[in-house]
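Read left to right, the sequence shown gives residues 25 to 370 (our numbering).
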Amino acid sequence: MTRIARLIAGCAIACGALPLTAVSASAALKICNRTSYIVYAASGTQTKTALETNGWTRITPGACTALVDGRLKNASYYIYAQSSRAHGGLSRAWGGNVFLCVAHGRFQLHRPGLSAGCPPDQGFAVGFAAVKTHHKADWTETLTETDEIATLEQARLAGLQRLLADNGYPIKKPDGEVGAIFRTTLDRFRSSHGLATNTSDADLFSALEKAAGAIAAPAGYSVCNTTSKPLWASIGMNDEKSWFARGWWKIPPAECASLISTPLSDERYFLRVEQAGGKTVIAGTTPLCITDIAFEIEGRTNCEARGMKQAGFLETPTGGKDGVAVRIGPHGLMPAEKNAQVGIPK
Numbered sequence: 025m026t027r028i029a030r031l032i033a034g035c036a037i038a039c040g041a042l043p044l045t046a047v048s049a050s051a052a053l054k055i056c057n058r059t060s061y062i063v064y065a066a067s068g069t070q071t072k073t074a075l076e077t078n079g080w081t082r083i084t085p086g087a088c089t090a091l092v093d094g095r096l097k098n099a100s101y102y103i104y105a106q107s108s109r110a111h112g113g114l115s116r117a118w119g120g121n122v123f124l125c126v127a128h129g130r131f132q133l134h135r136p137g138l139s140a141g142c143p144p145d146q147g148f149a150v151g152f153a154a155v156k157t158h159h160k161a162d163w164t165e166t167l168t169e170t171d172e173i174a175t176l177e178q179a180r181l182a183g184l185q186r187l188l189a190d191n192g193y194p195i196k197k198p199d200g201e202v203g204a205i206f207r208t209t210l211d212r213f214r215s216s217h218g219l220a221t222n223t224s225d226a227d228l229f230s231a232l233e234k235a236a237g238a239i240a241a242p243a244g245y246s247v248c249n250t251t252s253k254p255l256w257a258s259i260g261m262n263d264e265k266s267w268f269a270r271g272w273w274k275i276p277p278a279e280c281a282s283l284i285s286t287p288l289s290d291e292r293y294f295l296r297v298e299q300a301g302g303k304t305v306i307a308g309t310t311p312l313c314i315t316d317i318a319f320e321i322e323g324r325t326n327c328e329a330r331g332m333k334q335a336g337f338l339e340t341p342t343g344g345k346d347g348v349a350v351r352i353g354p355h356g357l358m359p360a361e362k363n364a365q366v367g368i369p370k
């Protein structure tokens, strides 16, 4: 068995090993996911005249999926995979040192060959692993993470553990070793999301990924509405010279709004959230000026004299992160989540 392992440049991306294993199932180039991450994979196919890359194929922990269907006949194949953006912490990628073009969202790209660089309309380059099929009609690559996750069944369980942790549940380590606490926690998630105890793995992983994605925060400041009614949000901040307040962002139920889309630079921001009609949902002791319509206001003194009104905002620390997501639940503010990105690469 051959192993391919290479650390892709950049400390935020760790590259996993790709053990090569021949199988005798229906002919195809497949990937088995023996990790605790949902991954999105891309394939590259080299012919005599062209190079084609395709993506992204979603593969849940413990599952095997065909990237290239049919008997393998071409000269070379390449594989790259990266973790779902719904997962917290650092992104992970599995690949090698052959840089091919990919694109945001689903894509199919054709190039003359292994030429350097990607044209502006042909995406960007990432490091693929070369696949040596040894002239076999079908081949399977296995993505690995740690020696602790030794089987696909362990990977499936570890994947459920990791996604429960991404959703804020107290899971210490995604290692595939499960007990009563894990089963109770999984039951809590099913119950809170209206899932039956016999829900399929596919539906369970989809629900966990969607829920984690809804609370994950890209760079910036997001507010997510987990209530059953529309919310209106406003944000306050201050620099060395003055105070500022902006509003309103309408946030429908089960959706998020980005109040700041650039990386955060301050240690704290101030939030006020209301329901339609002005009913207060989130407020605090920091006074700022607001209006009943869309506003952007500098300064927080003499609000009434300037034709506005004064309202209290809640201080929300960032913890030094460049991205946070604040969740609003039926009983008010829920814990802000760590920086992460969501779903399929885009």
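Beta carbons are placed, not taken as given, at the ideal position from N, Cα and C, and that holds for glycine.
DSSP beta-bridge partners of residue i
| i | result |
| --- | --- |
| D93 | A52 |
| I173 | DSSP, once it has assigned bridges, lists no residue as partnering I173. |
| G347 | G244 |
| Q334 | C313 |
| G356 | G353 |
| G183 | Answer is none; G183 lacks a bridge partner. |
| N22 | Residue 22 falls outside the range modelled here, since the chain spans only 25 to 370, and no answer is possible. |
| R58 | T168 |
| E298 | W256, T304 |
| G271 | S258, F319 |
| S100 | Q70 |
| Q132 | N78 |
| T340 | Y293 |
| C88 | C56 |
Unbroken alpha helix (DSSP H) run spanning residue i, endpoints
| i | result |
| --- | --- |
| R207 | 204-216 |
| Q219 | Per the sequence shown, residue 219 should be read as Leu rather than Gln. Counting along the chain, L219 falls outside any alpha helix (DSSP H), and DSSP gives it neither H nor E. |
| K230 | The residue asked about is misnamed: residue 230 is Ser in this sequence, not Lys. Counting along the chain, the alpha helix (DSSP H) containing S230 begins and ends at 225-239. |
Environment of residue i [buried if 16+ CB atoms lie within 10 Å]
| i | result |
| --- | --- |
| F148 | exposed |
| Q334 | exposed |
| A65 | buried |
| G353 | exposed |
| A318 | exposed |
| K197 | exposed |
| G40 | At G40 the pLDDT is 41, less than 50, meaning the model places this residue with poor confidence and gives no usable figure here. |
| Q387 | This structure cannot speak to residue 387, because the chain is shown only from 25 to 370. |
| K54 | buried |
| H111 | buried |
| G356 | exposed |
| E165 | buried |
| R351 | buried |
| D190 | buried |
| P85 | buried |
| A105 | buried |
| D227 | exposed |
| N121 | exposed |
| G94 | exposed |
| D211 | exposed |
| N57 | buried |
| A364 | Because the pLDDT of A364 is 33, which lies under 50, any placement of that residue in the model is unreliable, and the number read from its coordinates should be weighed accordingly. Result: buried. |
| D162 | buried |
| S60 | buried |
| T73 | exposed |
Range of the contiguous beta strand (DSSP E) that encloses residue i
| i | result |
| --- | --- |
| N78 | 75-83 |
| C125 | 122-126 |
| C280 | 279-284 |
| N262 | 255-262 |
| S289 | Note, S289: premise wrong, no beta strand (DSSP E); not H, not E. |
| S67 | 63-70 |
| E320 | 319-322 |
| G151 | 148-155 |
heavy atom of the ligand GDP below 7 Å from residue i C-beta
| i | result |
| --- | --- |
| L283 | What this structure holds is no ligand at all, so the ligand GDP is not there to describe. |
Contact with chain D by residue i, beta-carbon distance below 8 Å
| i | result |
| --- | --- |
| C125 | Note that chain D does not occur in the displayed structure, where there is just one protein chain. |
Counting Cβ pairs closer than 8 Å, one from the region 277-292 and one from the region 225-233, do we hit at least three? Touching, no.
Hey, is the region 93-112 in contact with the region 208-219, meaning 3+ C-beta pairs nearer than 8 Å? no
Does the region 115-123 come into contact with the region 241-257, if we say contact requires no fewer than three beta-carbon pairs (one atom in each stretch) closer than 8 Å? no
With three or more beta-carbon pairs closer than 8 Å as the criterion, would you say the region 196-203 touches the region 168-187? yes
Pair every Cβ in the region 335-351 with every Cβ in the region 282-299, then say whether three or more of these pairs are closer than 8 Å. The region 335-351 vs the region 282-299: in contact.
Kindly confirm or deny that the region 120-132 and the region 75-84 touch, where touching means at least three C-beta pairs closer than 8 Å. With the rule of 3 Cβ pairs closer than 8 Å, the region 120-132 counts as touching the region 75-84.
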